[in-house]
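All remarks here apply to the structure that follows.
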Amino acid sequence: MAQVAERKHRHGKLYLLLMALAAAGAAIWVGSSVLSVEEFAFTGARLPAGWDGGRLVVLSDLHGKRFGRQNSRLLEAVRKAGPDVICLCGDMMDEWSGTEYLRPLLEGLVEIAPVYYVTGNHEWASGRMPEMRQLLEETGVTYLSNTFVPLERNGDTITLAGIDDPNGYAGQKSPEEVAGEVKEAASDGFWLLMAHRNNLFDGEYCRLGADLVLSGHGHGGIWRLPFTDGLLGAGGQLLPSFTNGFYCCTDGHEAQVFVTRGLGGIPRLFNHPQVAVLTLHCE
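Rendered as structure tokens:
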């Protein structure tokens, strides 16, 4: 009898372990594979009336991930959001994914709205930037390599600038140089800055004068826990900040950053891949 009871006890513990592993696996799969389309609003004091109600979709950090065949689920989510502009904030490919898997996605996105791209750290680390530039050109995506463009809506214009990741080529323009050129061209007009690294906002990008910085890189803290911005930063640091949503500068500058949780990366927990939809409003 004792042996039977012991065997049942061992089987019970094994069953509980298997159930726990299955639950953890399901949570990781859901956290990594089920898209979350999330709406945000930003009110800008300098935003012109023609851009009131303008919509931006912000995507980043795809890292080779696919949501359906040729990213069909991701494309459908963006299409339903009805954006005026689509901003790709870096690390849409990496050292392992290559570039060609992106072609159907980029071709689909440009049919929805104008698409703008800045690099993240992994585009440069991959050694495939020449291929990436060619792909962007072939698909009609505008690569903002330390430059800027005017965006017109309902007769009013704002400026969208983009800077390359610090991993980029030697001798590239500094963020300060790009900001100076924007201010010279657009005077005191409303402008957005696409810059991949969320961790460089506080103390650096917040001083450039943009009305709003758009970033990724942080993967939402990878494993999101209650009352935190996630457990792990992109560099492995514990309990990172600036990983999801809007943040203000901590040194008194009025700038804000919006950080998307991104789409791919190492397995996520309680951290759905995000399609961020920003609606702009006048004060």
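The opening residue of the sequence shown carries number 1 in UniProt numbering; numbering runs sequentially from there. Ideal Cβ placement from N, Cα and C applies to all residues, glycine included. Being a predicted model, the structure only gives us computed values, none of them experimental.
According to DSSP, residues forming a beta bridge with residue i
{"i": "residue 215", "result": "259"}
{"i": "residue 36", "result": "274"}
{"i": "residue 158", "result": "151"}
{"i": "residue 44", "result": "282"}
{"i": "residue 248", "result": "256"}
Contacting residues, own chain, Cβ-Cβ under 7 angstroms from residue i (five flanking each side not counted)
{"i": "residue 183", "result": "209"}
{"i": "residue 82", "result": "55"}
{"i": "residue 14", "result": "Model confidence at residue 14 stands at a pLDDT of 45, short of 50, so the residue's coordinates are unreliable and nothing is read from them."}
N- and C-terminal bounds of the alpha helix (DSSP H) containing residue i
{"i": "residue 133", "result": "129 to 139"}
{"i": "residue 122", "result": "121 to 125"}
{"i": "residue 106", "result": "103 to 110"}
{"i": "residue 180", "result": "175 to 186"}
{"i": "residue 224", "result": "Segment: none, residue 224 is in no alpha helix (DSSP H) and carries neither H nor E."}
Closest residue to residue i among the options (Cα-Cα distance)
{"i": "residue 280", "options": "45, 234, 207 and 91", "result": "45"}
{"i": "residue 274", "options": "52, 153, 156 and 89", "result": "89"}
{"i": "residue 134", "options": "117, 146, 149 and 148", "result": "117"}
{"i": "residue 257", "options": "265, 264, 60 and 248", "result": "248"}
{"i": "residue 41", "options": "264, 246 and 253", "result": "246"}
{"i": "residue 114", "options": "84, 143 and 104", "result": "84"}
{"i": "residue 166", "options": "110, 104 and 197", "result": "197"}
{"i": "residue 255", "options": "170, 181, 53 and 191", "result": "191"}
Close Cβ partners of residue i (< 6 angstroms) along its chain, the five nearest in sequence each way excluded
{"i": "residue 106", "result": "139 and 141"}
{"i": "residue 250", "result": "202"}
{"i": "residue 266", "result": "none"}
{"i": "residue 205", "result": "195 and 213"}
{"i": "residue 193", "result": "161, 210 and 213"}
{"i": "residue 241", "result": "229"}
Residue i vs residue j beta-carbon contact at 7 angstroms
{"i": "residue 125", "j": "residue 95", "result": "yes"}
{"i": "residue 78", "j": "residue 58", "result": "no"}
{"i": "residue 108", "j": "residue 75", "result": "yes"}
{"i": "residue 186", "j": "residue 159", "result": "yes"}
{"i": "residue 119", "j": "residue 156", "result": "no"}
{"i": "residue 172", "j": "residue 199", "result": "no"}
{"i": "residue 220", "j": "residue 234", "result": "no"}
{"i": "residue 230", "j": "residue 243", "result": "yes"}
{"i": "residue 50", "j": "residue 153", "result": "yes"}
{"i": "residue 60", "j": "residue 216", "result": "yes"}
Close beta carbons around residue i, own chain, < 8 angstroms, minus the five adjacent residues each side
{"i": "residue 93", "result": "62, 63, 64, 99, 101, 102, 122, 123, 126, 128 and 132"}
{"i": "residue 283", "result": "43, 44, 45 and 47"}
{"i": "residue 38", "result": "274, 275, 276 and 277"}
First and last residue of the uninterrupted beta strand (DSSP E) at residue i
{"i": "residue 193", "result": "191 to 197"}
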